[in-house]
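Residue numbers (our numbering): 128 to 295.
Heads up, the beta-carbon is just placed ideally off N, CA and C, and yes, glycines get one too.
No experiment lies behind these values; they were computed from the predicted model shown.
This report concerns only the one structure given below.
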């Protein structure tokens with residue numbers, strides 16, 4: 128585990144597989160400084176996003192954020208700096224497997240991207256990991272025929288002496 132001292136307090140910057148990785152992390156920390164919200168959880172970042180959007184978006188958007196967050200809330204207690212593309216991808220894949228539509232899945236990714244933007248601004252992550260997640264291709268909706276074969280035959284039979292049937 129690598130730790131730094133800030134204000135007389137020891138703050139963990141994470142656990143690493145090797146001493147070399149820990150030293151690299153400490154060096155990066157010295158170069159970039161430690162964000163005040165370094166240990167912010169996924170839920171903390173979501174709350175920051177909600178606060179930012181409070182007076183800027185309508186109730187419908189707020190409800191959309193909440194609905195999308197429900198697919199990601201299993202990450203709530205994870206430190207935002209540890210969240211990666213695979214976490215967003217798993218949530219998207221699970222929603223798709225549950226039969227959720229393209230719009231819902233796109234909103235999950237969008238919420239994740241907005242949260243990553245906040246984390247980027249605070250130097251918690253190095254890239255927008257949500258943007259790297261793949262969304263399944265939207266499957267075209269099958270078109271239901273307007274008329275059954277029987278109804279079409281009936282209209283054709285009427286079309287010789289009924290103008291409305293001929294137009295249809």
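Subject >> Unbroken beta strand (DSSP E) run spanning residue 133, endpoints >> reply: Residue 133 sits at position 6 when you count from the first residue of the chain shown. It spans 129 to 133 - the beta strand (DSSP E) in which residue 133 sits, taken as one unbroken run.
**OP:** Could you pull out every residue in the same chain whose Cβ sits closer than 7 Å to the Cβ of residue 259, ignoring the five residues on either side in sequence?
**Re:** Stepping through the chain shown from its first residue, residue 259 is reached at position 132. Sequence-distant partners of residue 259 (beyond 5 residues in either direction) whose C-beta falls short of 7 Å from its own C-beta, in its chain, are 212.
Original post:
What residue does the alpha helix (DSSP H) around residue 170 start on, and which one ends it?
Top reply: Numbered from 1 along the chain shown, position 43 holds the residue referred to as residue 170. For residue 170, the enclosing alpha helix (DSSP H) stretches over residues 169 to 180.
**OP:** Assign residue 215 to buried or exposed, taking buried as 16 or more other Cβ atoms, counted over all protein chains shown, within 10 Å of its Cβ.
**Re:** Start at 1 with the first residue of the chain shown, and residue 215 comes out as number 88. Buried, by the Cβ-count rule.
Original post:
Out of curiosity, what's the CA-to-CA distance linking residue 176 and residue 192?
Top reply: Residue numbering aside, residue 176 sits at position 49 when the chain shown is read from its first letter. Residue numbering aside, residue 192 sits at position 65 when the chain shown is read from its first letter. Distance from the CA of residue 176 to the CA of residue 192, rounded to the nearest whole angstrom, comes to 9 Å.
Original post:
Three-state secondary structure (DSSP) at residue 253?
Top reply: The residue you call residue 253 lines up with position 126 of the chain shown. Residue 253: coil per DSSP, three-state reduction.
Subject >> Outcome for residue 195 when other beta-carbon atoms lying within 10 angstroms are tallied against a minimum of 16 >> reply: Residue mapping note: residue 195 aligns to position 68 of the chain shown, counting from 1. By the Cβ neighbour-count rule, residue 195 is buried, with 16 or more other Cβ atoms within 10 Å of its own.
Original post:
Using 8 Å as the Cβ pair cut-off and three pairs as the minimum, do the region 199 to 209 and the region 246 to 257 touch?
Top reply: Touching, per the Cβ criterion.
Original post:
Are there 16 or more other CB atoms within 10 angstroms of the CB of residue 271, so buried, or fewer, so exposed?
Top reply: What you label residue 271 is simply residue 144 of the chain shown in a count that begins at 1. With fewer than 16 Cβ atoms within 10 Å of its Cβ, residue 271 is classed as exposed.
Original post:
For residue 228, does the count of other Cβ atoms within 10 angstroms reach 16, so buried, or fall short, so exposed?
Top reply: Translated into positions along the chain shown, residue 228 becomes position 101. Counting other Cβ atoms within 10 Å of its Cβ, residue 228 stays below 16 and is therefore classed as exposed.
**OP:** Starting from residue 379, trace the beta strand (DSSP E) both ways and give me its first and last residue.
**Re:** Since the first residue of the chain shown is 128 and the last is 295, residue 379 is not available in this structure.
**OP:** Determine the DSSP secondary structure at residue 200, reduced to helix, strand or coil.
**Re:** Indexing the chain shown from 1 puts residue 200 at position 73. Correct three-state label for residue 200: helix.
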